[in-house]
Amino acid sequence: MAVADRLGPVTEAMPGASEAYIDLDAGTTHDEVTGLASSGLFLYELERALDLAARTGSHVAAIALEVHRIEPMLDTLPDDGAARLLIEIADRLRRVVRPSDVVARQTRGRFSLMLQDLDAIDGAMAVADRITQEFERPVDIDGEQVHLEFNMGVTLCGPRATASQLVSEADTALDRAIRAAPGKVEIFDDEMRAWMRNRRGVEHGLHDALDLGHLRLHYQPIIDVAQSELVAFEALLRWERPGIGLVGPDTFLDVAEESGLILPVGRWVLYEACRQLAEWSRARPGAAKVAVNISARQLLHPGFFDALKGAVRTTGAPARGLMLEVTEAVLLDHLSLVLPTLHRIRELGVGMVLDDFGTGYSSLTCLRQLPLTCVKVDEGFVHDLPEEATTTSMVELVAAVAKALDIKVVAEAVERPSELRALEYLGCDWAQGYLISEPVPPERATAMFDHFEFSKPQGDLEVAFPTERLDRAEVAVPATTRDNPVVEV
Ligand code: C2E
Ligand code: MG
Ligand code: MG
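Just add 1 to wherever you are in the sequence shown, counting from 1, and you've got the working numbering.
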């Protein structure tokens, strides 16, 4: 069937639609594969339906639907099988709605439905039920039975609702449904509304914080475990929120990531950390390095490397004094995309730290592939030391591999004296955590250059290992000389 023939439900629904289309870019009004409305057209139609509903006193609902694991499914289907599967999904969705409703394709596996002329949410839930029934039957692609699993988020327009608001509400409900269980359908409710309002507040506030200079960097000292000497600081972002006080990144980083604000925020962090490093280095050359956390979106941005080079050059910071921390998940999810950037960063002389190591799925091979200077063992492992036998062996293994690769091992969130002593015993180079110091404002960090006092904890220590020690030959790293399962330090 030609694409034009597939447009029936949409174009039929729109008297005078041709004029309406004039404002929309011709290439983006419909999805080429399925003929479903595009996201732009969907928003436009939703706005019109909301206008009408406001005049007639009826309601409009939006349903967001996501098919699970569509990417691998489409990739493994033969020849035009992927297109036929998408067309079948589109046909089944069209089948359950009225001609005046609109079905759109947002991304590869995400679809939206707009339902008009409803009295209450029940009408939308009836459609959601019909969709579920439609997809109980697998899709036949050349004899292969493709079973589809999906989630839905449903919302009904409130007074003064706008199209983009309704789309966000349906998306929020869909995200909840996805987190709950496959097949789950969630209705947008008051709790989700409060959550969205808070997010909007954070987004606007963060925008203002950038303009008004309310962002701060605090610095957490990192010590050399064997010498108890200050070797570096990790720069950690704080926000001086008017009326609230200083808040940590956990309260705003996800909003910054999703809204794209992480790009200007990240540029500010990079510049400010470089400026501080330059200032410290002028007074005491080589005194300490500064580590800066970099988010996925920043690292993937095509302008990232130039921004980094610009920050180093403009501030006069020594590139060798700067380290960038990137989490395991970011590197693994986008390895081929970011690898060239990582190599350029290293060529500049800037260090690379693999943060939160152990929380993702990276193999030890990954440590070898990446141009790293440090690997930072996640707090989850640190807190299990020294009592948890398996963790103890794992940290020892990471330290041995890092040594073989000539990269440093840093432990984060060290809180107890026994953790630090176990880390030293296991061959960990550097450590940071509340035991040594909490993150401090820049002036207190500066004072630490003149006066940094940290005494290594003393006393007996038992480091547990599993009864069966890991066979070092299997991981092909040099054997260490430490063989005693229990040591007195
Ligand atoms: P991270 O990079 O793993 O940073 C370590 C976190 O552990 C920091 O939390 C730090 O304050 C906290 N911490 C330090 N010592 C201890 C300890 O002894 N025990 C425990 N339980 N925690 C400790 P914070 O500052 O809230 O930062 C949280 C995360 O936010 C960071 O995790 C990092 O991923 C991210 N982040 C912080 N600053 C930035 C930034 O400038 N840009 C980006 N993209 N992310 C940042
Ligand atoms: Mg970090
Ligand atoms: Mg970390």
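For each residue, glycine too, the CB sits at the ideal point set by N, CA and C.
Inset, instruction - Work out the CA separation of residue 41 and residue 26 for me, nearest whole Å. - result: Summary for residue 26: the model assigns pLDDT 49, below 50, so the residue's position carries little reliability; its value from the coordinates is reported in the next sentence. Cα to Cα, residue 26 sits roughly 9 Å from residue 41.
Legend entry - Separation of residue 173 from residue 136, as counted between CA atoms: Between residue 136 and residue 173, the C-alpha separation is close to 23 Å.
Legend entry - CB contact flag (residue 122, residue 94, <8 Å): Not in contact: residue 122 and residue 94 (Cβ atoms no closer than 8 Å).
Legend entry - Test item, CB below 6 Å from any non-hydrogen atom of ligand 2: One residue after another in chain order, those with a Cβ under 6 Å from a heavy atom of ligand 2 are 235, 294, 326, 356.
Legend entry - N- and C-terminal bounds of the beta strand (DSSP E) containing residue 247: Counting along the chain, the beta strand (DSSP E) containing residue 247 begins and ends at 246-248.
Legend entry - Cβ-Cβ separation, residue 171 to residue 159 (assumed contact under 8 Å), whole Å: Contact doesn't hold; Cβ gap of about 13 Å is too wide.
Inset, instruction - Take the Cβ of residue 268 as the centre, count every other Cβ of all protein chains shown within 10 Å, and call the residue buried at 16 or more, exposed below. - result: Only buried fits residue 268, as 16 or more other CB atoms lie within 10 angstroms of its CB.
Inset, instruction - Note the first and the last residue of the continuous beta strand (DSSP E) segment covering residue 252. - result: That residue, residue 252, is in no beta strand (DSSP E); it is neither H nor E in DSSP.
Inset, instruction - Assign residue 262 to one of two classes, buried (16 or more other C-beta atoms within 10 Å of its C-beta) or exposed (fewer than that). - result: It counts as buried.
Inset, instruction - Would you mind reading off the limits of the beta strand (DSSP E) that contains residue 60? - result: Here the beta strand (DSSP E) through residue 60 covers 60-68.
Legend entry - Boundaries (first-last residue) of the beta strand (DSSP E) holding residue 141: It spans 140-142 - the beta strand (DSSP E) in which residue 141 sits, taken as one unbroken run.
Inset, instruction - Pick helix, strand or coil for residue 183, following the three-state DSSP scheme. - result: Residue 183 falls in the coil class under three-state DSSP.
Legend entry - Rounded straight-line distance, which links the Cα of residue 293 to that of residue 323: In this structure, the CA atom of residue 323 is about 8 Å from the CA atom of residue 293.
Legend entry - residue 440 at chain C interface by Cβ criterion, 8 Å: The chain labelled as chain C is not found in the depicted structure, where only one protein chain is given.
Inset, instruction - List the whole-angstrom C-beta distance separating residue 195 from residue 187, where the pair is believed to meet the contact cut-off of C-beta under 8 Å. - result: Contact check for residue 195 and residue 187: beta-carbon distance about 15 Å, past the 8 Å limit, so the pair fails to qualify.
Inset, instruction - List the whole-angstrom C-beta distance separating residue 1 from residue 421, where the pair is believed to meet the contact cut-off of C-beta under 8 Å. - result: Because the chain spans 2 through 490 in this model, residue 1 falls outside it and cannot be assessed.
Legend entry - Given residue 101 as reference, the closest of 61, 129, 81, 313 once Cα atoms are compared: It is 61.
Inset, instruction - Mind reading off the beta-carbon distance from residue 128 to residue 114? Whole number of angstroms is fine, and I expect it under 8 Å. - result: Yes, they are in contact, since the Cβ atoms of residue 128 and residue 114 sit about 7 Å apart, within 8 Å.
Inset, instruction - Spatial neighbours of residue 450 within its chain, please: CB distance less than 8 Å, with the 5 preceding and 5 following residues excluded, ordered by chain position. - result: Hits under 8 Å: 231, 281, 284, 285, 288, 289.
Inset, instruction - Please confirm if the region 211-227 is in contact with the region 443-459, defined as three or more CB-CB distances below 8 Å between the two stretches. - result: The answer is yes - the region 443-459 touches the region 211-227, with three or more Cβ pairs under 8 Å.
Inset, instruction - Check whether the Cβ atoms of residue 373 and residue 346 sit closer than 8 Å, and answer yes or no. - result: Going by C-beta atoms, residue 373 is not nearer than 8 Å to residue 346.
Inset, instruction - With DSSP collapsed to three states, give me the class of residue 31. - result: Residue state, collapsed to three classes: strand.
Inset, instruction - Please look up how many angstroms separate the CB atoms of residue 465 and residue 380, rounded, as I've assumed it's under 8 Å. - result: So it is not a contact: roughly 19 Å between Cβ atoms.
Legend entry - Delimiting residues of the alpha helix (DSSP H) encompassing residue 267: Its alpha helix (DSSP H) spans residues 263-284.
Inset, instruction - Determine the contact status of residue 112 and residue 103, defining contact as a CB-CB distance below 8 Å. - result: Inclusion of residue 112 and residue 103 in the CB contact set at 8 Å is not warranted, their separation being larger than that value.
Inset, instruction - Could you tell me which residues DSSP pairs with residue 189 in its beta bridges? - result: None, per the DSSP bridge assignment.
Legend entry - 8 Å Cβ cutoff met for residue 410 and residue 429: Contact: yes.
Legend entry - Neighbourhood of residue 359 by C-beta distance below 7 Å, restricted to the same chain and skipping five residues each side: If we look at residue 359 and ignore the five residues flanking it on each side, its Cβ neighbours are 378, 379, 381, 382.
Inset, instruction - Give a single yes or no on whether residue 251 has its beta carbon closer than 7 Å to a heavy atom of ligand 1. - result: Checking the Cβ of residue 251 against ligand 1 gives yes.
Legend entry - C-alpha gap between residue 175 and residue 132, whole angstroms: For the pair residue 175 and residue 132, the Cα-to-Cα distance works out to about 15 Å.
Inset, instruction - Can you have a look at residue 338 and say buried or exposed, based on whether 16 or more other CB atoms are within 10 angstroms of its CB? - result: Its Cβ having fewer than 16 others within 10 Å, residue 338 is exposed.
Inset, instruction - Would you check if the distance between the CB atom of residue 151 and the CB atom of residue 270 is smaller than 8 Å? - result: Not a contact, by the Cβ cut-off of 8 Å.
Legend entry - Secondary structure of residue 453, DSSP reduced to three states: The answer is coil: DSSP assigns residue 453 none of H, G, I, E or B.
Legend entry - residue 243 beta carbon near ligand 1 (any heavy atom closer than 7 Å): Short note on residue 243: C-beta not closer than 7 Å to any heavy atom of ligand 1.
Inset, instruction - Output yes or no for whether 8 Å exceeds the beta carbon distance between residue 265 and residue 309. - result: The beta carbons of residue 265 and residue 309 sit no closer together than 8 Å.
Legend entry - Pairwise C-alpha distance: residue 179 and residue 185: Between residue 185 and residue 179, the alpha-carbon positions lie close to 7 Å from each other.
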